[in-house]
Amino acid sequence: KQILIRSVYRITVILLFHFLGITILGYADTSGNATIVQTLVFNVFVFAQIFNSVNSRRLDWKLNIFEGMLNNWYFMAITLIKIAVQVVVVFIGGTAFQVTHIAGREWGISLALGFISIPLGALIRLLPNRPFERLF
Numbered sequence: 000k001q002i003l004i005r006s007v008y009r010i011t012v013i014l015l016f017h018f019l020g021i022t023i024l025g026y027a028d029t030s031g032n033a034t035i036v037q038t039l040v041f042n043v044f045v046f047a048q049i050f051n052s053v054n055s056r057r058l059d060w061k062l063n064i065f066e067g068m069l070n071n072w073y074f075m076a077i078t079l080i081k082i083a084v085q086v087v088v089v090f091i092g093g094t095a096f097q098v099t100h101i102a103g104r105e106w107g108i109s110l111a112l113g114f115i116s117i118p119l120g121a122l123i124r125l126l127p128n129r130p131f132e133r134l135f
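Heads up: the sequence shown at position 25 corresponds to 24 in the working numbering, and the numbers run straight through without jumps.
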């Protein structure tokens with residue numbers, strides 16, 4: 000159920016911004032703005048994955064996903080490296096990654112849409128397993 004619902008969320012957000020991002024953000028329809036929107040889509044995807052990795056540390060029904068996090072230095076280091084690499088890719092990646100610099104507003108949107116994975120994971124944990132077991 001976690002994989003199904005989180006995937007539906009990510010696909011929905013990414014497709015909405017991919018096809019309607021210029022309209023949603025209120026930009027003029029130019030190639031420069033299209034590149035900004037595509038960078039935003041890439042950033043949302045990566046941060047959704049990063050927050051999902053935090054959320055996936057807990058496999059039971061308990062809601063505290065941060066319990067024991069500071070005891071797992073490998074997880075902390077790898078997560079910080081992923082965040083640092085993402086920031087470097089967006090700021091320096093340019094044509095190699097087909098990205099461009101984005102403003103604080105777009106960074107905020109990326110982080111907010113990625114962060115939604117945390118409360119979404121808690122909500123999913125509260126759903127009963129039985130209906131999903133019937134599907135699969």
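Where a beta carbon is used, it is the ideal one built from N, C-alpha and C, also for glycine.
For the alpha helix (DSSP H) containing residue i, name the first residue and the last one.
i, result
"Trp72", "Trp72 to Ile91"
"His100", "Taken as a continuous stretch (DSSP letters only), His100 belongs to no alpha helix (DSSP H), as it is neither H nor E."
"Pro138", "As displayed, the chain neither begins before 0 nor continues past 135, which places residue 138 out of reach and without an answer."
"Gly31", "Ser30 to Asn54"
Who are the Cβ neighbours of residue i in its own chain at under 6 Å, not counting the five residues just before and after it?
i, result
"Ala47", "Arg9, Gly113 and Ser116"
Ignore the nearest five residues each way along the sequence and tell me which others in residue i's own chain have a CB closer than 8 Å to its CB.
i, result
"Ile82", "Ile49"
"Leu69", "Met75"
"Phe131", "Lys0 and Leu3"
"Gly92", "Val98"
"Leu110", "Phe46"
With residue i and residue j assumed to form a contact (beta carbons below 8 Å), what rounded beta-carbon distance in angstroms separates them?
i, j, result
"Ile64", "Asn71", "Wrong, their Cβ atoms sit about 12 Å apart, outside the cutoff."
"Phe44", "Ile13", "6 Å"
"Ile35", "Ile101", "6 Å"
Answer yes or no: do residue i and residue j have a C-beta to C-beta separation smaller than 8 Å?
i, j, result
"Arg124", "Leu62", "yes"
"Val98", "Phe41", "yes"
"Phe96", "Val87", "no"
Quick one: what does DSSP say residue i is sitting in, helix, strand or coil?
i, result
"Tyr8", "helix"
"Gly120", "helix"
"Ala27", "coil"
Can you find the residues in the same chain that come closer than 7 Å, C-beta to C-beta, to residue i, ignoring five residues on each side of it along the sequence?
i, result
"Leu39", "Phe16, Gly20, Ile101, Glu105, Ile108 and Ser109"
"Arg57", "Ile64"
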